[in-house]
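The block underneath contains the structure these notes are about, expressed in structure tokens.
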Amino acid sequence: MRNRTAALALSLVATLALAGCGSGSAASGGTGSSARETGTLNVLAAASLTESFTSLAKDFEADHPGVDVKLAFDSSATLAEQVTQGAPADVLATADQDTMQTVVDAHGTQGDPTVFATNHLQLVVPPDNPAGITGFADIAKPGVKYVVCVDTAPCGKLAVKVLDATGITAEPASEEVDVKAVLSKVELDEADAGLVYATDAVAGGDKVRPVDIPTSDANLNTYPIAALSGAKKPQLAQDWVDLVTGSQGQKVLADAGFGKP
């Protein structure tokens, strides 16, 4: 009897030990949504996405306690170079597909990039319009100072296409690093006109006056986004992509003036 009691006791201890190991493994080994990542999510995005992504970052942080979204905005070409040179980045959103493809080829992404928005160029002038610009062709008039993005940036590449398509020949007063720099020149009355994205004309508010230019397939950029290979926060990176491409992100982008993918 004594031996049988001891055996039963040992069996019970072993069973409890196994149960404890099993429950501990289940609690600590989850890889689903219950095991949420925390920390800093590094998002690199084209300058024209500044207002939209800043708004979405607040929503993302509210839905992901313990997460800090670190946003970096610049020319897409500059951001692509930073990624390929090893800068910390979990997500990249560019203002054209060619720039994104250079990153796909040189660095890699988690799956194929997803197009999430479109944009087109618009001419903006100061509110008092000192040069009397009423149409796109006016940028070619003598004495008119107009500014544009450098041709390595997507906004600059698109400007070249638009000028070629319209047959207008005009020498810019300066070429700026990104679209926000172009907008700033006009806002500060340092230029008579600037070629910016339609979304930047919206963001400029009453500091600029928009002047429509011909719209066509030549005047259209598509915006792709991707979680990057080697991302420190791969699940958070995908969550961000899902936010941008989902209904909530699409509404914010539409309100900012972006077109549908």
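Numbering (mature numbering (1 follows the signal peptide of the UniProt record, and there is no 0)), first residue to last: -19 to -1, 1 to 242.
Cβ coordinates follow ideal geometry from the N, Cα and C atoms, glycine included.
Fair warning: this is a prediction, and the values are worked out from it, not measured in the lab.
At the level of alpha carbons, what is the spacing between residue i and residue j?
i           : j           : result
residue 33  : residue 119 : 31 Å
residue 180 : residue 29  : 7 Å
residue 89  : residue 209 : 6 Å
residue 237 : residue 54  : 16 Å
residue 122 : residue 103 : 18 Å
residue 79  : residue 138 : 11 Å
residue 23  : residue 221 : 10 Å
residue 151 : residue 186 : 26 Å
residue 172 : residue 132 : 18 Å
residue 155 : residue 167 : 12 Å
residue 109 : residue 182 : 15 Å
residue 198 : residue 160 : 20 Å
residue 129 : residue 175 : 6 Å
Please classify residue i: does DSSP put it in a helix, a strand, or coil?
i           : result
residue 239 : coil
residue 206 : strand
residue 18  : coil
residue 231 : helix
residue 103 : strand
residue 201 : coil
residue 118 : helix
residue 86  : helix
residue 109 : coil
residue 98  : strand
residue 218 : helix
residue 212 : coil
residue 147 : helix
Under the DSSP definition of a beta bridge, which residues are partnered with residue i?
i           : result
residue 136 : DSSP output for residue 136 lists no bridge partner at all.
residue 92  : Bridge partners of residue 92: none, in fact.
residue 155 : 128
residue 54  : 26
residue 73  : 25, 207
residue 64  : Note: residue 64 sits in no beta bridge, so no partner.
residue 49  : 21
Consider the C-beta atom of residue i and the heavy atoms of the ligand PLP; say whether any pair is separated by less than 8 Å.
i          : result
residue 72 : Only the bare structure without any ligand can be found here, which leaves the ligand PLP out of the picture.
Note down, in chain order, each residue of its chain lying with its Cβ closer than 8 Å to the Cβ of residue i, except the 5 sequence neighbours on either side.
i         : result
residue 6 : Only weak support exists for where residue 6 lies, its pLDDT of 31 falling under 50; the value from the coordinates is given anyway. Within the same chain, residue 6 has no close Cβ partners at all.
Residues in its own chain within less than 6 Å of residue i by CB, not counting five upstream and five downstream?
i          : result
residue 21 : 49, 51
Residues in the same chain with beta-carbon distance under 7 Å from residue i, minus the five sequence neighbours each way, listed in chain order, please.
i          : result
residue 19 : 47, 48
Quiz item: Quick one: complete beta strand (DSSP E) runs, 3+ long, within the stretch 156 to 194?
Solution: With a minimum length of 3 residues, the continuous beta strand (DSSP E) runs that stay inside the stretch 156 to 194 are 174 to 178, 190 to 192.
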